[in-house]
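Trainee:
Number of protein chains: 2
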Amino acid sequence: MTEEAPAKETPEKEKERPPMPRDVILVGKKPIMSYAMAALMQLTESGEITIKARGRAISAAVDVAEVVSKRFLSGSAAVKSVIIGTEVLGEPPRNVSTIEIKVSSKPKK
Amino acid sequence: MTEEAPAKETPEKEKERPPMPRDVILVGKKPIMSYAMAALMQLTESGEITIKARGRAISAAVDVAEVVSKRFLSGSAAVKSVIIGTEVLGEPPRNVSTIEIKVSSKPKK
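Residue numbers (this note's numbering), protein chains in the order written: chain A, 1 to 109; chain B, 1001 to 1109.
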């Protein structure tokens, strides 16, 4: 969780721009299944992914995590942690809620 | 999440009906601030609340938790845990994502 929301010198928008690490799935307005497929592929490759979203897309991020862990990889992947927070975005600045959901594949027995 | 669900014998709708414990705030379509005020009052009374929501209201539940812990009670309350899940609801049954956010007030130093 990001406890502080002090004024930042760099415009917050820039935080969206740098190339996302490959194991991060940033959920937006596309259909749930397109994120779920990307998450599935990345998870089988790297073993752990982080699903992130802001604002209204938070519900969709939860859907993606649930589809991947309960339907696609039921029993072989699980939600490891869920962190919520607040970011300051835009001009004029306003608070936007965020979520980060870590999903890892479980070692096979 | 929209996907087929296994047929259940008990209608899942009944799970919605029992009276909500007072320290549970079920977030729906009302404005964020009305839930945040209810959460604030309950939190000062009982020291811990659980904010719940389903489907599209999940984003609003995160907003409520963030407003209460960061703005209203900054420093004196914090998100303790966030749990996501899936419930089977409706006829025909379909899967709906859920969230449960526990917020507790911190003991004063």
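C-beta atoms are modelled at their ideal positions from N, C-alpha and C, and glycine is treated no differently.
Could you please give me the residues that DSSP links to residue 1029 (chain B) through a beta bridge?
Mentor: According to DSSP, residue 1029 (chain B) bridges with nothing at all.
Trainee: So with Cβ pairs under 9 Å, would you call residue 1106 (chain B) a contact of chain A?
Mentor: No - not a single Cβ of chain A is within 9 Å of the one on residue 1106 (chain B).
Trainee: Could you tell me whether the segment 68-86 of chain A touches the segment 1027-1045 of chain B, using the rule of 3 or more Cβ pairs below 8 Å?
Mentor: Counting Cβ pairs under 8 Å, fewer than three are found: no touch.
Trainee: Compute the distance between the beta-carbons of residue 53 (chain A) and residue 98 (chain A), then report whether it is under 9 Å.
Mentor: In this structure, residue 98 (chain A) lies closer than 9 Å to residue 53 (chain A) by Cβ.
Trainee: What's the C-alpha gap between residue 1102 (chain B) and residue 1043 (chain B)?
Mentor: Looking at the two C-alpha atoms, the distance is approximately 10 Å.
Trainee: With which residues is residue 58 (chain A) paired in a DSSP beta bridge?
Mentor: Partner(s): none; residue 58 (chain A) has no beta bridge.
Trainee: Is there a Cβ of chain E sitting closer than 9 Å to that of residue 1076 (chain B), yes or no?
Mentor: Although the question refers to chain E, the structure presented lacks it and instead comprises the protein chains A and B.
Trainee: Is there a Cβ of chain A sitting closer than 9 Å to that of residue 1002 (chain B), yes or no?
Mentor: Per-residue confidence for residue 1002 (chain B) stands at a pLDDT of 48, beneath the threshold of 50, marking its modelled position as unreliable; the derived number appears in the next sentence. Yes, contact with chain A.
Trainee: List the residues of chain A whose Cβ lies closer than 7 Å to the Cβ of residue 1056 (chain B), in chain order.
Mentor: In chain order: 59.
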